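First up is the structure itself, then whatever we jot down about it.
2 protein chains.
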Amino acid sequence: MAGSAVAATLTPSKSQRAYDFIKSRIEDSSYTPGYRLVLGAIAAELGVSVVPVREAIRRLEAEGLVQFERNVGAQVAMLDPTEYQVTMQTLSLVEGWATAASAPHMTSDDVARARAINDALAESLHHFDPVAFTALNLDFHSVLFEHCPNPHILDLVDRGWARLRALRESTFSFVPGRARDSVAEHEAILGLIESNAEPFELELAARNHRLATLDAFLAHQHRTRETP
Amino acid sequence: MAGSAVAATLTPSKSQRAYDFIKSRIEDSSYTPGYRLVLGAIAAELGVSVVPVREAIRRLEAEGLVQFERNVGAQVAMLDPTEYQVTMQTLSLVEGWATAASAPHMTSDDVARARAINDALAESLHHFDPVAFTALNLDFHSVLFEHCPNPHILDLVDRGWARLRALRESTFSFVPGRARDSVAEHEAILGLIESNAEPFELELAARNHRLATLDAFLAHQHRTRETP
DNA sequence: GTGTACGAAATAATATACGATCTCACCACG
DNA sequence: CGTGGTGAGATCGTATATTATTTCGTACAC
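Residue numbers (the numbering used here), protein chains in the order written: chain A, 1259 to 1486; chain B, 1259 to 1486.
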């Protein structure tokens, strides 16, 4: 969302408040996938009427965080493996482009910041803290996107990340063997940026970086399912 | 959108009707960019209350067809040149991927259909009919996307096309010198598909095809602005 | 015992009503 | 002549009320 401008409305509308409320609940896993969102209940909790809550839920539906069924209700989206795969594909596509498009505008200082974060990421491996790892990983990529000139695509990246955050605790998690490779790939990407590599080369590197994470996750899931 | 399932609800909800109504008005240019969407007026015209209309407008806002301002109202989105460029970039990205991802699943019959449409496209050049050209062009690309396995990305393609259709009559138009090249590029893309080219090669070809259209449009606009 | 019909409770969908906010024309004043 | 205040009208934002739909439990028939 990247705080669209200087002056956010002084008093956010109630539908906006409802939107923020529900979204944060989803992202911090207070509402887990499958959780049923009942208009009246949420409205009562927020001290507003159902109309703004309804609007908030439909916005979240448009973003794919919530599933909605006519005359039945809404629930937090459940990403079955197929959904998950599709989301990651989309994210790899837009993330790859955003990285490549941002690279020409990066300063050496930006690269240094990214590298510092990646070092912290490598450090965090010793403590085995998936949550910290995920947060730092987002920070790293955020630096890479910072100068992306296409706000639509940045928006799509945000949405993809929001969906991942939504299932951080349940389905998605940091895959043990994968993290180290991930750090190495980050460094490789930084190298491509510093050497002014061909845009498409960088785009593919960034894309494959995410797809590799997807593959690792799927393989891990498959492995753990076979040996319960 | 791709009619999600067999049984669409028998009686579409009123908010859905409002959504379809407004969207079709935008796409057929009854509502031109900048047109002010007044809740009460549209509600009266449809014989419903303002609540479903409001919901429809906010859905359209999420899709980028409508611009909304708090306590002021909504209007049909106006794509300034920057917006236009950004939309086309995004479209080129997702379209390129969708084409490459769909190609492996295309039958020779699909390719033949696409080629037939492209022939009709070439034929239409003699009549200088931009509207027919645009429609056939969409048909052509639709065949290329048909087997894309990622519904999210297909959705993004749809949204991009919707924005283009919205300004067909006003800003966007078929650029005289460009159409012939476009037909040739279509044929080249079909050639790549038939020869089972590398996915990346096909993706880039499809992407550049659209970016070339963008460039031609911008150049044309620049040219006509200099000699008024 | 199983399946079906019925009805009540829960919930969503929409209508209506009212209050809040913005826009803009008009006028007072410098 | 320009600048800022002020009020009316238009329009949005939300609360409340009403209607429609679904769900689920229960009783009845077979």
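All C-beta atoms, glycine included, are put in the ideal place defined by N, C-alpha and C.
Given the structure is predicted, the values throughout are model-derived calculations rather than measurements.
If you measure between the beta carbons of residue i and residue j, is that distance less than 7 angstroms?
i	j	result
B/I1372	B/I1284	Rather than Ile, the amino acid found at residue 1372 of chain B in this sequence is Ala. Cβ atoms of B/A1372 and B/I1284: not closer than 7 angstroms.
A/A1332	A/L1295	yes
A/A1390	A/S1382	yes
B/D1397	B/I1375	yes
B/M1336	B/P1291	yes
B/G1354	B/A1464	yes
A/V1352	A/L1414	yes
A/N1408	B/V1330	no
A/I1451	A/A1361	yes
A/S1273	A/A1314	yes
A/V1441	A/H1478	no
B/A1474	B/R1436	yes
B/H1467	B/H1405	no
Starting from the beta carbon of residue i, find every residue of chain A whose beta carbon is closer than 8 angstroms, and list them in chain order.
i	result
B/P1409	V1344
Check the C-beta distance from residue i over to residue j and give it rounded, since I have them as a contact under 8 angstroms.
i	j	result
A/R1312	A/Y1277	Rounded, the Cβ-Cβ distance is 11 angstroms, inconsistent with contact.
B/T1357	B/E1461	7 angstroms
A/V1324	A/V1334	6 angstroms
A/S1350	A/L1469	5 angstroms
B/F1279	B/L1304	6 angstroms
A/G1322	A/R1481	A/G1322 to A/R1481, Cβ: 28 angstroms. No contact.
B/S1271	A/R1328	6 angstroms
Establish whether the CB of residue i and some CB of chain A are separated by less than 7 angstroms.
i	result
B/S1428	Here B/S1428 scores only 49 on pLDDT, less than 50, and its place in the model should not be relied on; the value that follows carries that caveat. No, B/S1428 does not count as interfacial toward chain A.
B/R1318	Note on identity: in this sequence residue 1318 of chain B is Leu, with Arg being the wrong assignment. No, because no Cβ of chain A sits closer than 7 angstroms to the Cβ of B/L1318.
B/T1471	no
B/W1355	yes
Would you mind telling me which residues of chain B sit closer than 7 angstroms to residue i, beta carbon to beta carbon, in chain order?
i	result
A/E1313	E1313, R1316
A/T1348	N1408, H1410, I1411
Measure from the C-beta of residue i to each C-beta in chain B and report whether the shortest distance is under 7 angstroms.
i	result
A/L1351	yes
Counting only Cβ pairs nearer than 8 angstroms, list the residues of chain B close to residue i.
i	result
A/V1309	V1309
**Report entry** the region 1447-1472 of chain A: positions lying closer than 9 angstroms to chain B by Cβ
**Finding:** F1458, L1462
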